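Only one structure is covered here, and it is reproduced in the block below.
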Amino acid sequence: MRRIINSTYVSLDGVIERPQNWTSDYFQDEAAAYARELLFSCGALLMGRRTFDGFSQAWPAMEEATGDFGVRMNTLPHYVVSDSLKKPGWGDTTAIPRADAVAEITRLKEQDGQDILQYGFGPVSRTLVRHGLLDELRLWIHPVFVGPADPEDLIAREGFAASFKPAGTRAFETGVIIATYVPAGT
Numbered sequence: 005m006r007r008i009i010n011s012t013y014v015s016l017d018g019v020i021e022r023p024q025n026w027t028s029d030y031f032q033d034e035a036a037a038y039a040r041e042l043l044f045s046c047g048a049l050l051m052g053r054r055t056f057d058g059f060s061q062a063w064p065a066m067e068e069a070t071g072d073f074g075v076r077m078n079t080l081p082h083y084v085v086s087d088s089l090k091k092p093g094w095g096d097t098t099a100i101p102r103a104d105a106v107a108e109i110t111r112l113k114e115q116d117g118q119d120i121l122q123y124g125f126g127p128v129s130r131t132l133v134r135h136g137l138l139d140e141l142r143l144w145i146h147p148v149f150v151g152p153a154d155p156e157d158l159i160a161r162e163g164f165a166a167s168f169k170p171a172g173t174r175a176f177e178t179g180v181i182i183a184t185y186v187p188a189g190t
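This is how it looks when you write it as structure tokens:
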């Protein structure tokens with residue numbers, strides 16, 4: 005059975021939105037090697053519509069700058085939970101209607117192959133947690149306070165609660181700590 009691994013950048017004050025504005029100073033060789041290892045250990049990407057929109061616009065133009073990492077991002081099968089996405093237009097992309105998300109993601113997990121990677125923590129992630137489908141959460145904790153944020157910019161959401169237990173940590177020279185957690189029930 006494949007696992008779903010969530011990889012999310014988070015600031016010290018809990019902000020997860022617009023990481024391109026506050027993470028680049030901390031993304032050095034160690035982080036790049038770790039990100040590469042994680043991406044190449046997975047055989048598919050799972051995302052919500054907002055992540056898909058950002059990735060599908062950015063990654064096709066980044067292959068030259070990122071080499072095989074960019075090629076991998078663009079050629080892995082992509083699964084997008086969305087009711088409005090009709091013509092994905094980014095490589096091998098399959099849209100999954102929200103009403104079918106739990107059943108379809110369960111089916112994806114039951115297939116043979118490498119793990120499934122999800123970037124960012126939003127509505128799809130919360131659905132995965134609620135239904136026991138998220139196997140691992142890797143928070144890339146950045147040593148920065150981003151400052152004022154709207155509630156939708158934070159990892160926490162009203163009405164959502166979950167318990168995890170630690171499964172490991174890794175610290176980079178830049179001060180970024182990757183804290184790995186698994187659901188407390190496992």
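In terms of the numbering used here, the sequence shown opens at residue 5 and continues consecutively.
Virtual Cβ for every residue (Gly too), placed ideally from N, Cα, C.
The structure displayed is predicted, hence computed values, not measured ones.
Identify the continuous alpha helix (DSSP H) that holds residue i and give its terminal residues.
i: valine 150; result: Here valine 150 belongs to no alpha helix (DSSP H), and DSSP marks it neither H nor E.
i: alanine 160; result: Alanine 160 -> no alpha helix (DSSP H), and no H or E assigned at all.
i: threonine 70; result: 67-70
i: valine 27; result: Checking the sequence shown, residue 27 turns out to be threonine, not valine. That residue, threonine 27, is in no alpha helix (DSSP H); it is neither H nor E in DSSP.
Can the beta-carbon of residue i be found closer than 8 Å to that of residue j?
i: valine 106; j: threonine 97; result: no
i: valine 14; j: aspartate 157; result: no
i: valine 186; j: tryptophan 144; result: no
i: phenylalanine 125; j: asparagine 10; result: yes
i: glycine 47; j: glycine 117; result: yes
i: arginine 7; j: glutamate 140; result: yes
i: phenylalanine 149; j: alanine 35; result: no
i: proline 147; j: leucine 16; result: yes
i: threonine 184; j: arginine 142; result: yes
i: leucine 80; j: lysine 113; result: no
i: methionine 51; j: valine 133; result: no
i: threonine 178; j: glutamine 32; result: yes
i: histidine 111; j: serine 86; result: In the sequence as displayed, the identity of residue 111 is arginine instead of histidine. No, the Cβ-Cβ distance between arginine 111 and serine 86 is not below 8 Å.
i: leucine 89; j: alanine 99; result: yes
i: tyrosine 38; j: isoleucine 182; result: yes
Quick check on residue i: does DSSP put it in helix, strand or coil?
i: valine 186; result: strand
i: glutamine 122; result: strand
i: arginine 130; result: helix
i: serine 60; result: helix
i: arginine 53; result: helix
i: glycine 93; result: coil
i: leucine 137; result: coil
i: glycine 47; result: strand
i: aspartate 104; result: helix
i: aspartate 116; result: coil
i: phenylalanine 164; result: coil
Need the endpoints of the beta strand (DSSP E) that residue i sits in, please.
i: proline 170; result: 168-175
i: methionine 5; result: From DSSP, methionine 5 is part of no beta strand (DSSP E); its letter is neither H nor E.
i: glycine 179; result: No beta strand (DSSP E) contains glycine 179, which DSSP labels as neither H nor E.
i: threonine 97; result: 97-100
i: tyrosine 83; result: 82-85
What are the residues that DSSP puts in a beta bridge with residue i?
i: valine 19; result: Leu158
i: arginine 142; result: Ser11, Thr184
Please check if any C-beta of chain B sits within less than 8 Å of the C-beta of residue i.
i: valine 180; result: No chain B is part of this structure, which consists of one protein chain only.
* Touching or not, the region 121-135 and the region 42-61, by the rule of three or more beta carbon pairs under 8 Å? -> yes
* To do: Count the C-beta pairs between the region 89-96 and the region 59-70 that are closer than 8 Å, then say yes if the count reaches three, no if not.
  => yes
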